[in-house]
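Protein chains in written order, with this note's numbering: chain B, 27 to 577; chain V, 200 to 360.
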C-alpha cells in the first residue's frame, strides 16, 4: 500500500497544527461559528445530535494493521470503543470531544492517516473496488490512480470551496464494484487492444434528495491527461454550479440543466485551454505509484477445497463470505459487520485489534473497508480459511450473510445524526430478528437492502434492490419502500411502491415483498431479476392487500 | 486611508475605487461592466487601470483587455463562495503578471494560503482581520501537492505542469 514520504508526512503534520490553531481560536471565541464550521468540516468534524462526529478518511478503503490498531486505540481513548464503517469506506467516531479532536488528528498523522476532506464542499475521499488488486476480473489495479487523485485533490487551492461536496470513484474491473454511476465523477479503467491505458469518464451522478445516475462524458481519456481533465470538470463546475440553493448545488443538477452534450463541450473547451498548465501524469510517475501497490509475496499454492469434511456452518460461510482470488490457493474474505443484533457497520476496538492480529498472521497485514459496510481480508490462503473462520466466529465477525437481506446498509440515522428524520438502527434490529433464519435468507438469494434515515441518502437507499427511506410524519417515524434499484452493473434507481409504513411494520412489509418473489420467481431467478421482469405492481398489491398491522 | 497586504508588506493602498477621492499617483479599479462602457467615468481616468471581477464574471472574457490592465481584483464575498479561486487561476493562466488582489468579506486569514497559491499577491483584508496573523497564515505550509504561485511559502510540491 501507499507509504508516506517526507512531503506527505510534513503535510499532515502542518494540517494538524493549522486545525489546532483554528480549534483554539474557536474555543476562545475569536473565530466565528460559521467560519469554524467550514474549516472543521474540511477536517472531517461534524457537530451532531449528542456530540461531534469525526469521519476519518480511509483512502479507497485500504488500511494497514498498524493503522487499524491505532484506530482501535483512538476509539478507546477518545470515544466509546466503537467505530462505524461508512458507505464511502471511511470510519466514523460518534462521541469525540471537540477540544480533543486536534489530538486525535495528531495521533492519526503518526500512522499516516487524516480526516482531511471527508466532509465539506470539496473533493471527498476517493473510493474504489474493495477487491482491487485481487479480483479475477480486474483489468488494472485502480488504487495507484486513486492515490494520485487523493494527492491531487488534497487541499487543492482551486477546488476546496466548491458549490457542494464532490465524490470520485474509480473502478478497474469489468464488474463495477465501486458504484461509479452514483458519483460526481466515476472513472472506469479501460485498456483496449494496442492502446495505452486510460479511463472512461462518467459525470453527474449522485444520490441525495434528487437521485441521478451519472452519464458518460468521455469514452476514452489517456491516463496522462487524468489531472488535466479532472481540473477541467471541476473548473466548469466551480464556475457554473449553483450556489443559491444547497439542494441544487451538486454537479448532477448542472449536468441535468445544461444537458450532457453542452456539459461535454464546456469541459472539452476548458480542457484544451487549461491542460498546458495542469500537471501531466508521466508514465514514470504512474510506475512509481504502481510500485506502492505491488502484489504481496504470495506463496506458490495449488487451489484446494477447504470445505471437504467440514461442518455445515463453515460451508455456508465459505460460500457466502469468501470470493475468488486471482492467485491460485488464495481467497478474499468478507469480515461481516452485519451480525444480527448489532448496528450494521459497527466494529469495536477489541474486534479491530483481534482482526489486526489475524490480518498479520493470514493476510499480509492489510484490511479493507467496503462501501457496504463490511471489512475484507483480501489475501487469505485457502488452507487457512477454516482456522480463520473459527477465530472470526469467536469475534462475532463471521455471520454468513454477505450478499443476503441482512447484509444491509444503514446510515446511523436519528440515533446519532442531526440531519436524520427517522431512526435506522431499531429498524435494522427488527429486520435482523425477523429474518434470523439463515436458511431462509439463503433461499432468498442475493438481495441488496439499503436504508437511509433521511433523503440525504447516506444509506444509498435509491440503489438498493429494496430501499428503505425514513421519513418524519407529524413527529412519527415512517418508512418509504422502494424496489428495483441497483448500483452495480445495470445501475437503476428504485421505484416507490406506495404509502410509507410505520416502524413496527417494516419487517412485515419486507416479508410480504420477498414472499411475492418466492411465489413468482422462475428457476434460479434472483430477486432483482424478478422485480425487473414483473414490475412493482404485484409487490404493491400484496403489501397493501390487507392491513399490515393485522399481519 | 486603506491599507492592504501586498507582497507580504502592510502598505497604504495606492489604488482607488470609483467614488473614492483621487490620489496623486494612484490607479483606478472599475467593475468589469464599466470596462466595456465608454461613457463610464473609469475611462476618463488617465492613470493605471484595474478591473474588479464579481463572482459570476467569466475571467476568460478579460483575455483581450489584460494588456491595458495593471491590476485585477477578485471578489470573495464570504467564507464559502470559492468561484474566485478559479477566476484567479484563469487570470494567471491568461499570462497576467500584474497585481491580482483578493477583495471582499471572505478575505480572511484561514483562506489566504489558498488564494495565494492560486495566484493572488495582494489582499484587502476583511474588516477586523489582523495583518500580522494574516501574514503568519501565509506561512502555515512548507509543502503542497499542487504547484503554487510564488507568494506562497511552499518549498516543495508533488505535481508540476
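Ideal placement from N, C-alpha and C gives every residue a C-beta, glycine not left out.
Predicted model, so just to flag it, every value in this text is computed and none were measured.
Range covered by the beta strand (DSSP E) that runs through residue i
i	result
residue 585/B	Here chain B covers residues 27 to 577 and nothing more, so residue 585/B does not appear.
residue 248/B	241-248
residue 343/B	Unbroken run through residue 343/B is the alpha helix (DSSP H), 338-347; no beta strand (DSSP E).
residue 301/V	298-302
8 Å Cβ cutoff, residue i in contact with chain B
i	result
residue 357/V	yes
residue 343/V	yes
residue 279/V	yes
residue 322/V	no
residue 285/V	yes
residue 207/V	no
residue 300/V	no
residue 288/V	yes
residue 155/V	For chain V, the structure presents residues 200 to 360; residue 155/V sits outside this window and is missing.
residue 231/V	no
residue 313/V	yes
residue 292/V	yes
residue 316/V	yes
Endpoints, the alpha helix (DSSP H) within which residue i is located
i	result
residue 332/V	330-336
residue 543/B	532-546
residue 417/B	411-420
residue 231/V	231-234
residue 463/B	No alpha helix (DSSP H) contains residue 463/B, which DSSP labels as neither H nor E.
residue 367/B	Run containing residue 367/B: none; DSSP gives neither H nor E here.
residue 39/B	32-53
residue 128/B	127-136
Closer than 8 Å to chain V by CB, residue i
i	result
residue 60/B	yes
residue 424/B	no
residue 44/B	yes
residue 445/B	no
residue 182/B	yes
residue 503/B	no
residue 516/B	no
residue 253/B	yes
residue 65/B	yes
residue 178/B	yes
residue 269/B	yes
residue 37/B	yes
heavy atom of the ligand PLP below 7 Å from residue i C-beta
i	result
residue 295/B	Because no ligand of any kind appears in the structure shown, any question about the ligand PLP cannot be addressed here.
Beta-ladder partner(s) of residue i, from DSSP
i	result
residue 312/V	Answer is none; residue 312/V lacks a bridge partner.
residue 249/V	228/V and 270/V
residue 216/V	Answer by DSSP bridge pairing: none, since residue 216/V is not bridged.
residue 494/B	477/B and 507/B
residue 424/B	According to DSSP, which records beta bridges pairwise, residue 424/B is partnered with nothing at all.
residue 360/B	402/B
residue 72/B	79/B
residue 228/B	212/B and 242/B
residue 499/B	502/B
Length of the line joining the Cα atoms of residue i and residue j
i	j	result
residue 392/B	residue 270/V	53 Å
residue 333/V	residue 312/V	9 Å
residue 141/B	residue 308/V	22 Å
residue 36/B	residue 219/V	45 Å
residue 297/B	residue 280/V	23 Å
residue 215/V	residue 298/V	14 Å
residue 536/B	residue 276/V	50 Å
residue 411/B	residue 359/B	9 Å
residue 601/B	residue 221/B	With chain B running from 27 to 577 in the structure shown, residue 601/B is simply not present.
residue 218/B	residue 200/B	13 Å
residue 577/B	residue 548/B	Because the pLDDT at residue 577/B is just 46, under 50, the model does not fix this residue reliably, and the value given afterwards should be weighed accordingly. So the alpha carbons of these two residues sit roughly 27 Å apart.
residue 378/B	residue 255/V	49 Å
residue 494/B	residue 308/B	45 Å
residue 560/B	residue 315/B	48 Å
residue 414/B	residue 387/B	10 Å
residue 258/V	residue 249/V	14 Å
residue 34/B	residue 174/B	12 Å
**Asked** When you check each C-beta in the stretch 296-310 of chain B against every C-beta of chain D, which residues fall closer than 8 Å?
**Response** Protein chains in the displayed structure are B and V, and chain D is not among them.
**Asked** Would you call the stretch 501-509 of chain B and the stretch 457-475 of chain B in contact, with 3 or more CB pairs under 8 Å?
**Response** no
**Asked** Quick one: any contact between the stretch 170-186 of chain B and the stretch 340-353 of chain B, if contact means 3 or more CB pairs under 8 Å?
**Response** no
**Prompt:** Does the stretch 68-87 of chain B come within contact of the stretch 100-119 of chain B, defined as at least 3 CB pairs closer than 8 Å?
**Reply:** yes
**the stretch 151-169 of chain B contacting the stretch 288-303 of chain V, beta-carbon criterion three pairs below 8 Å** = no
**Message:** Using a Cβ distance threshold of 8 Å, determine whether the stretch 85-96 of chain B contacts the stretch 380-395 of chain B, with at least three qualifying pairs required.
**Reply:** yes
**Request:** Taking 8 Å as the threshold, find out whether the stretch 567-574 of chain B comes into contact with the stretch 519-529 of chain B through three or more Cβ pairs.
**Result:** yes
**Prompt:** Should the stretch 126-133 of chain B be regarded as contacting the stretch 97-108 of chain B, the criterion being three or more beta carbon pairs within less than 8 Å?
**Reply:** yes
**Asked** Using 8 Å as the Cβ pair cut-off and three pairs as the minimum, do the stretch 226-237 of chain B and the stretch 197-214 of chain B touch?
**Response** yes
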